[in-house]
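All letters in the sequence shown, in the order written, are residues 0 to 148 by numbering that gives the first Met the number 0.
Quick reminder that beta carbons are idealized off the backbone N, C-alpha and C, glycines included.
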Amino acid sequence: MASWDVFRELDNLRREIDEAFRGVGIYRPLASAFLSPVTTRRFPLVNFSEDEAHVYVDALVPGVDPKDTDLTVLRNTISISGERKPFVEQKGQIVHRSELGSGKFSRTLELPVDIDPDKVRAEYRDGILRITLAKAEHAKPKRIAISQS
């Protein structure tokens, strides 16, 4: 049984409200200020999939040093957090545009099955954090023999 997390529910509500306003073409300049700093809006973007034995999570984290990233797993929840360092202006340089976000981020995903925390692998390559999580034994499908009478 998953525990109720009020902050996760509030974050989901904020996203739904933002999507509703985007759907009718209304731009809300303060949308990112409600319950979420500008730098943490749904970052990192993720894909996740599964097969019979594993769950796979790909997190898009370009420009983030793996040393500045934390990964935690608890039952069926995975959390990715870290920090993207800010752009450092060089002496004599004029910055015309600065759109790359920086700062701390955190993303928590609820996975469809429980995970074995001792069998998790994470690899960072080309700006993508690839996480392979083994399903807990009780979460794997089991084939049941049917006897004839």
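Express the C-alpha separation of D64 and D117 in angstroms, rounding to a whole number.
-> Between D117 and D64, the C-alpha separation is close to 24 Å.
State the beta-bridge partners of D67 as determined by DSSP.
-> Here D67 is not bridged, per DSSP, to any residue.
Straight-line Cα distance separating K103 from T39 = Confidence at T39 is low in this model, with a pLDDT of 42, below 50, so its placement is unreliable and no value can be given for it.
Cβ-based neighbour list, P85, same chain, cut-off 7 Å, excluding 5 preceding and 5 following | Excluding its 5 nearest sequence neighbours in each direction, P85 has C-beta neighbours in its own chain below 7 Å: S101, listed in chain order.
Is it true that the stretch 117-129 meets the stretch 85-100, where meeting means three or more beta-carbon pairs spaced less than 8 Å apart?
-> With the cut-off at 8 Å, the stretch 117-129 and the stretch 85-100 do not touch.
Buried/exposed call for S48, threshold 16 Cβ in 10 Å = Here S48 is exposed: its Cβ has fewer than 16 other Cβ atoms, across all protein chains shown, within 10 Å.
What are the partner residues of N46, as DSSP defines its beta bridges?
-> Beta-bridge pairing links N46 to D57.
Less than 8 Å between the CB atoms is what I'm expecting for E51 and K139, so what's the real figure, rounded?
-> Their Cβ separation, rounded to whole angstroms, is 7 Å, which keeps E51 and K139 in contact under 8 Å.
F6 (DSSP reduced to helix, strand or coil) | Three-state DSSP puts F6 in a helix.
Could you give the distance in angstroms between the alpha-carbon of R21 and the alpha-carbon of D67?
-> Spanning the two alpha carbons is a distance of roughly 33 Å.
In DSSP terms, what E109 is bridged to = E109 pairs with T76.
Same chain, Cβ closer than 8 Å to E136, five either side skipped, listed in chain order = D115.
Which of helix, strand or coil does DSSP assign to R13?
-> Three-state DSSP puts R13 in a helix.
Of the choices N46, E18, A19 and D17, whose alpha-carbon is the least far from that of R106?
-> Comparing Cα positions, the closest option is N46.
Let me know if L12 comes out buried or exposed under the rule of 16 or more other beta-carbons within 10 Å of its beta-carbon.
-> L12 is exposed by the Cβ-count criterion.
Cα-Cα separation, A19 to L9 | So the two alpha carbons sit approximately 15 Å from each other.
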